[in-house]
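What follows is a set of notes on a single structure, which appears directly below.
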Amino acid sequence: MNGWTGRILRVNLTTKKVRVDGFDEAFARKWVGGRGFAAKILFDELKPGVDPLGPDNKFVVAVGPIAGIPAPNTGKTVVAAKSPITGGYGDGNLGTRVTEHLRKAGYDALVVEGRAEKPTLLLIEDDKVEFVPVDELWGKGTFETNDWIYARYGKGVGVLNIGQGGENLARYAVVRSLEGRAGGRPGMGAVMGSKRLKAIVVKGSRPIPQANPAAMKKLGQDDLRKVHEIDKQTGWSIQSTNGVLAWCNEVAALPVRNFRLTHHPDAWRIDGERLNDARVATYGCPNCTMRCGITIRDREGHEAEMDYENIGLLGSNLEIFDLDQVGSLNYLCDDYGLDTMSAGATLSFYADAIDRGAVAGDFKFGDAERAKELLRLVSRREGDLGNLLAEGSLRAARRIGRGSEAYAMQVKGLEVAAYNCKFIPGMALAFGVSPIGAHHKESWVITFELKQTSRESYGPEKAQKVIELQRIRGGLFEFIVSCRFPWIELGWGIENYPKYFNAVTGLDWTLDDMWTVADRIYAAIKLFWLREFPDTNRKLDYPPAVWFDPANVDTDGPIAGQHLEYDKYDQLLQHYYDIRGYDQRGVPTKATLERLDLGAEAAAAEKYGGLT
Ligand code: PTT
Ligand code: SF4
């Protein structure tokens with residue numbers, strides 16, 4: 012079988028047993044890799060209701076057929092598990108040398124089961140798997156851990172590790188890899204922590220199986236050069252992701268003051284231009300020629316890597332407009348291994364709850380020093396406050412009560428990314444129907460919506476576009492496993508990806524074949540949610556209540572007086588379900604599951620929630 016190693020490595024931390032499972036071409040074609048493998052493995056192997064932070068959850072690391080091959084931006088890996096923050100399927104995608112090394116070690120996926128007795132580093136060197144006790148690393152931040160690993164195993168190894176946030180089971184702890192890379196927003200770092208798995212180190216030395224390595228090498232290297240040229244011409248990586256901040260401010264889509272406001276006169280102080288001016292270094296993932304990682308000096312003098320989402324949620328949403336202070340918060344999240352986005356949103360929720368009198372406390376919007384201290388408390392789960400905020404905004408709101416859930420800015424428990432959709436119905440839908448909670452990665456429909464359609468519309472064209480983007484972003488890029496930035500930021504043609512896929516696998520797939528796999532994975536993930544939440548209903552696919560609230564409208568700017576409307580949103584959601592072939596609850600119908608070749612999964616899910 013070309014394009015896949017056909018092998019999944021299974022490691023049990025409780026028993027220290029190691030096993031290699033094979034898979035055949037039918038499985039490979041059906042699920043392809045990355046998110047596809049992860050969704051299938053977790054659906055088949057996790058009993059519904061399993062504790063996400065217990066030993067029976069499984070932590071999956073999965074790559075895809077073009078991952079690690081020298082071609083545009085293929086240094087990415089998917090990490091997945093049942094999510095401690097949503098209770099549903101969770102995953103993330105991060106740049107790491109694990110991508111290439113795992114494939115060279117001879118595996119397309121790694122499944123970690125059980126719980127180690129003591130803090131453990133999992134060392135994988137081709138066929139050798141070692142459980143290295145690392146008591147001395149427990150309690151250390153990710154930067155120190157990474158240095159320790161590099162000193163011991165060499166700088167070129169693949170690393171995934173966690174900080175204190177993951178160790179102490181903060182529900183939005185992430186996995187860290189290279190400089191500035193982090194992933195697994197829905198608490199994948201906490202799942203590692205619950206297994207006492209401090210780090211995974213991978214070294215591989217074999218060739219990656221490919222149908223036509225010479226042709227792929229030429230194609231990949233030429234295209235890496237072309238992508239680099241386009242990046243230089245467009246200048247995208249001058250501001251990288253943070254180029255979007257000024258635009259969001261202009262079109263009233265910036266999160267400010269726990270999403271209460273949509274723009275701010277001081278936003279320019281943390282925009283892409285200021286970020287580029289403050290740049291001290293640039294980093295990137297493996298196999299990338301448009302490196303987007305910009306670092307600056309934070310207030311304490313550390314090098315902190317900044318992206319738009321981090322700045323939007325730790326900066327404007329907390330009303331902190333000093334770039335070096337935002338850098339400090341970003342650095343601390345990286346070191347503790349906390350998701351910058353959920354951390355920023357949870358702290359903003361807390362400041363808002365205090366401001367509205369729902370809870371007593373000493374934290375105010377704009378207070379960067381106290382925010383630093385709160386992050387420390389969260390990462391240690393120190394005291395009542397650290398414990399409360401480590402739970403994320405939804406659980407914190409449920410504890411605080413007094414109507415605060417309405418302004419906990421989350422969907423399904425995962426905090427909303429940095430796009431304020433007070434009056435952006437299509438993007439609100441994209442958050443609502445994202446399969447992992449409110450992440451922008453599935454369908455970044457906002458630019459289409461604001462540049463090519465009317466903002467007011469709740470028409471089917473928006474639902475259609477959300478699906479089109481989900482197929483590309485949450486589908487193709489997550490199962491072929493490659494960074495989407497060349498396509499979305501530089502206009503690198505989507506038709507290039509079946510080309511790479513066919514060159515490594517020897518198959519002859521079209522984009523339509525890719526969309527079928529994407530739809531299958533989305534439907535399988537829906538079934539995962541249905542099993543966990545049998546009384547599931549369309550309200551799970553609704554954005555935060557405050558966006559519908561007439562009392563929450565802007566008083567000035569481009570959307571003054573505007574807000575989302577319930578009936579119209581519900582209609583838009585129905586368009587989405589109709590196009591996808593889902594029922595009134597948002598569950599794929601039997602006919603849809605049949606069409607997607609998910610008969611076995613349908614039978615397994617049927618007894619939990621019933622199918623129509
Ligand atoms: C991603 C999410 C994002 S999305 C950002 S900034 W972004 C935040 N970054 C964090 C960080 O940094 N430190 C930290 N402690 N927590 C952080 N949480 C947030 O995590 C990421 C890039 C980016 S930067 C984006 S959009 C694109 N995402 C891709 C994706 O999801 N899939 C894909 N095939 N390609 C992508 N390319 C881009 O990769 P999650 P990374 Mg991350 C410091 O994983 O869970 O999806 O969260 O991966 O290697 O860091 O690159 O404006
Ligand atoms: Fe990594 Fe950025 Fe390059 Fe994508 S564009 S591979 S996120 S450095």
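For what it's worth, my numbering labels the leading residue of the sequence shown as 12, then goes sequentially.
Note that CB positions come from ideal geometry on N, CA and C, so glycine has one too.
No experiment lies behind these values; they were computed from the predicted model shown.
Determine the contact status of residue i and residue j, defining contact as a CB-CB distance below 8 Å.
i, j, result
"Leu133", "Leu180", "no"
"Val291", "Ile281", "no"
"Val528", "Gly486", "yes"
"Val492", "Lys115", "no"
"Phe154", "Asp350", "no"
"Val186", "Val90", "yes"
"Pro76", "Arg182", "no"
"Thr97", "Val74", "no"
"Val427", "Ala407", "no"
"Asn253", "Tyr319", "yes"
"Val72", "Leu113", "yes"
"Pro66", "Arg126", "yes"
"Asn68", "Asp234", "no"
"Gly629", "Gly195", "Nothing about residue 629 can be read from this structure; the chain reaches only from 12 to 623."
"Ser248", "Arg302", "yes"
Please confirm whether any heavy atom of the ligand PTT lies closer than 7 Å to the CB of residue i.
i, result
"Tyr319", "yes"
"Asp350", "yes"
"Lys28", "no"
"Asp345", "yes"
"Cys11", "No answer is possible for residue 11: the residues shown for the chain start at 12 and end at 623."
"Ser94", "no"
"Val109", "no"
Thinking just about the alpha-carbon of each residue, which of the options is nearest to the one in residue i?
i, options, result
"Arg268", "Gln221, Gly326 and Arg302", "Gly326"
"Ala382", "Ser339, Asn298, Ile411 and Gln582", "Ser339"
"Asp119", "Asp335, Phe332 and Gly215", "Gly215"
"Val515", "Gln250, Gly79, Asp158 and Ala602", "Gly79"
"Glu479", "Asp530, Ala210 and Phe434", "Asp530"
"Gly47", "Arg482, Tyr553 and Ile590", "Arg482"
"Gly99", "Leu113, Leu53 and Asn23", "Leu53"
"Pro83", "Asp524, Leu425 and Cys296", "Cys296"
"Ala37", "Ile570, Asp523, Leu518 and Gln463", "Leu518"
"Gly150", "Val168, Pro130, Ala162 and Val143", "Pro130"
Under 6 Å Cβ to Cβ from residue i, same chain only, skipping five residues before and after it: list those, please.
i, result
"Asn563", "Val557"
"Gly323", "Pro266 and Ala429"
"Val389", "Ala181, Gly397, Leu400 and Ala401"
"Pro224", "none"
"Arg542", "Pro59, Ala616 and Tyr619"
"Asn548", "Arg596"
Would you tell me roughly how many angstroms separate the C-alpha atoms of residue i and residue j, rounded to the nearest one?
i, j, result
"Leu272", "Met420", "13 Å"
"Gln582", "Ala535", "24 Å"
"His239", "Glu576", "44 Å"
"Ala201", "Glu402", "11 Å"
"Phe512", "Gly14", "8 Å"
"Asp363", "Gly620", "37 Å"
"His275", "Ala257", "10 Å"
"Thr458", "Thr25", "47 Å"
"Ala222", "Leu405", "48 Å"
"Arg606", "Trp42", "15 Å"
"Leu343", "Met438", "30 Å"
"Pro509", "Pro220", "17 Å"
"Ser468", "Tyr580", "10 Å"
Any heavy atom of the ligand SF4 closer than 7 Å to the beta-carbon of residue i?
i, result
"Phe54", "no"
"Phe496", "yes"
"Arg290", "no"
"Arg302", "yes"
"Gly295", "yes"
"Gly3", "Because the chain is modelled from 12 through 623, residue 3 falls outside the range shown and cannot be assessed."
For residue i, collect the residues of the same chain with a Cβ closer than 8 Å to its Cβ; drop the 5 residues on either side in sequence, then sort them by chain order.
i, result
"Gly610", "Leu604"
"Arg236", "Thr300"
"Lys537", "Pro446, Tyr593, Gly597, Val598 and Pro599"
"Gly191", "Tyr294, Gly304, Thr306, Glu316 and Asp345"
"Ile499", "Trp455 and Arg484"
"Val29", "Leu20, Arg21, Val22, Asn23 and Val140"
Excluding the 5 residues flanking residue i on each side, which residues of the same chain have their C-beta closer than 7 Å to its C-beta?
i, result
"Arg413", "Ala369"
"Ala474", "Leu440, Leu583, His586, Tyr587 and Ile590"
"Phe34", "Gly17 and Ile19"
"Met203", "Phe70, Ile173, Gly177 and Val186"
"Thr245", "Leu501"
Does any heavy atom of the ligand HEM sit closer than 7 Å to the C-beta of residue i?
i, result
"Asn84", "As far as ligands go, the structure on display features the ligand PTT and the ligand SF4 and does not contain the ligand HEM."
I'd like to know if residue i contacts chain D, where contact means its C-beta is closer than 8 Å to some C-beta of that chain.
i, result
"Arg207", "Of the protein chains in the structure, only one exists, and it is not chain D."
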